[in-house]
Amino acid sequence: MEEKLFFKNSKGNKLVGILSIPRGDKINPIIILCHGFNSGKDSSTNLALVQELNRNQISSFRLDLFAHGESEGNFEDITASEAVDDILKAIDLVKKLGYKKIGLVGSSFGGLASFIASSISSNLYLLAVKCPVSSYLEFRDYANLMMIDEWKKRGFSYRENRKLNFSFYKDGVKNVAYDIAKKIKIPTLIVHGEADSDVPVSQSIKISKLIPNCHLEIVPGAGHLFKEGNSRQIMIKSIINFTKDNS
Numbered sequence: 001m002e003e004k005l006f007f008k009n010s011k012g013n014k015l016v017g018i019l020s021i022p023r024g025d026k027i028n029p030i031i032i033l034c035h036g037f038n039s040g041k042d043s044s045t046n047l048a049l050v051q052e053l054n055r056n057q058i059s060s061f062r063l064d065l066f067a068h069g070e071s072e073g074n075f076e077d078i079t080a081s082e083a084v085d086d087i088l089k090a091i092d093l094v095k096k097l098g099y100k101k102i103g104l105v106g107s108s109f110g111g112l113a114s115f116i117a118s119s120i121s122s123n124l125y126l127l128a129v130k131c132p133v134s135s136y137l138e139f140r141d142y143a144n145l146m147m148i149d150e151w152k153k154r155g156f157s158y159r160e161n162r163k164l165n166f167s168f169y170k171d172g173v174k175n176v177a178y179d180i181a182k183k184i185k186i187p188t189l190i191v192h193g194e195a196d197s198d199v200p201v202s203q204s205i206k207i208s209k210l211i212p213n214c215h216l217e218i219v220p221g222a223g224h225l226f227k228e229g230n231s232r233q234i235m236i237k238s239i240i241n242f243t244k245d246n247s
């Protein structure tokens, strides 16, 4: 059974998510699924995870982050802090629905937000992230001082053909996952493609050593979207097995 739910972030923007319950019954635990930058709740990864979670009698809640999909907001105003707030509000929502064991799965940009949310919330029992960003400051473009200066002067730039305000960069300076990694006390899985050209696998190697209870799985030959060979199946299976083993 699936049900569309509406809730609000701290600024009052309406957010939208889909609650998926195996066999129509509320079954603990529940996994919150957080998509990546310029993606949405019905991403191919999310839908594949929902199918497998249902098969294993685990509920899920996949949300559209601020300014993505059906959720309100101007895309140019998105920041990691905004995504963190969305996740924390989603946790509050499923708690009110009666769920007590709440897990979190995040992808890429959503992985960064999931790292930070997990360092803040005491209501999560596991974290799994796929090709997560740990620090935007290590990205080549963000290390280009001329580009950053131009972004600051104009007030906006473009990423993936979407307008993005300079507040995204300023927020990225504040939100570096390495800085909060030791505060993540729950079992954590990181799955990262060896050949990821969008988010360097070196970031996940580094942060996996900082999170106290963390397992890193590097998928040989896999890119950011896990389209190579059977890398997608490996990634999905790793997350599902990790969830089952810790539930």
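In terms of our numbering, the sequence shown opens at residue 1 and continues consecutively. Here a beta-carbon is modelled for each residue, glycine too, at the ideal position from N, C-alpha and C.
- Between N56 and K244, the CB-CB gap stays under 8 Å.
- Contact between the segment 156–167 and the segment 69–82 is present, with at least three C-beta pairs closer than 8 Å.
- Distance from the Cα of I218 is smallest, within the candidate group S157, V191, I116 and G69, for V191.
- In this structure, the straight-line span from the alpha carbon of L53 to that of K152 is close to 43 Å.
- Taken atom to atom, the span from the alpha-carbon of G73 to that of S10 is near 12 Å.
- For K185, the closest of T45, L19 and S122 by C-alpha to C-alpha distance is S122.
- The beta carbon of I239 sits closer than 8 Å to the beta carbons of L49, V105, A128, K130, L189 and V191 from its chain, once the five residues preceding and following it are set aside; these are given in chain order.
- Under the 10 Å beta carbon count, L137 is surrounded by fewer than 16 other beta carbons and is classified as exposed.
- By the 16-neighbour rule on beta-carbons within 10 angstroms, L145 is exposed.
- When DSSP states are grouped into helix, strand and coil, D42 belongs to the coil group.
- Between the alpha carbons of I87 and H68 lies a gap of roughly 13 Å.
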